[in-house]
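*Asks:* Numbering-wise (the numbering used here), the sequence shown opens with residue 19 and increments by one.
Even for Gly, the Cβ is constructed at its ideal location relative to N, Cα and C.
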Amino acid sequence: RLILADALSLAVEREPAVIIDAATLTGACMVALGPEVSGVFGNDKASVKEVLAAGESVGEPSWELPLFDGYRKLIESPVADIKNIGGPYGGAITAALFLKEFVGETPWV
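Next comes the structure, spelled out in structure tokens:
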């Protein structure tokens, strides 16, 4: 997760139209969706929709999951800017919220 955050920061510096990352971010997503459906998070609805459609067109099912800002507090830290683990619940969401911190306003999926 930390290395991916670093890569996202570097990508943002290059000012892309959109960043698409694919990662085995957390087992929590597989607990929620099973082994055959990919979870998709993003800060840009149009880009998320394109990724979902692309997967569907080649038989790779995926499902949009919420970037629920209410869980942002779970990755706050008293000693660091942010922590990369949120706790026992909402792990897929808190992992995505962690990564979202590194893309700024750049569209990201």
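The alpha helix (DSSP H) spanning SER75 covers which residue range?
*Replies:* Element bounds for SER75: 63-75.
*Asks:* Is GLU31 helix, strand or coil when you go by DSSP?
*Replies:* Note: GLU31 maps to helix in three-state DSSP.
*Asks:* Closest to GLY88 by CA distance: which of PHE116, VAL66, LEU70, VAL49 is it?
*Replies:* Checking every option, the nearest Cα to that of GLY88 belongs to PHE116.
*Asks:* Kindly indicate which three-state DSSP category ILE103 falls into: helix, strand or coil?
*Replies:* ILE103 falls in the coil class under three-state DSSP.
*Asks:* Quick one: grab the DSSP three-state call for VAL49.
*Replies:* In this structure, VAL49 counts as helix in the three-state DSSP scheme.
*Asks:* Return the chain-ordered list of same chain residues with a C-beta closer than 6 Å to the C-beta of GLY104, the five sequence neighbours on each side being excluded.
*Replies:* Counting only Cβ-Cβ distances below 6 Å, and skipping sequence neighbours, we find LEU92, ILE93, THR112.
*Asks:* If we ignore side chains and look at the alpha-carbon of each, how far apart do SER95 and GLY77 end up?
*Replies:* Cα to Cα, SER95 sits roughly 40 Å from GLY77.
*Asks:* Suppose you measure from the CA of GLY122 to the CA of VAL30; what does that come to, to the nearest Å?
*Replies:* Going by the C-alpha atoms only, they are around 8 Å apart.
*Asks:* So if DSSP puts VAL58 in a beta bridge, which residue, or which two residues, is it bridged to?
*Replies:* Its beta-bridge partners are GLU82.
*Asks:* Counting along the chain, where does the alpha helix (DSSP H) carrying PHE116 start and finish?
*Replies:* 109-118 is the extent of the alpha helix (DSSP H) around PHE116.
*Asks:* Please confirm whether SER65 and SER80 have their CB atoms less than 8 Å apart.
*Replies:* No, these two residues do not count as a Cβ contact at 8 Å.
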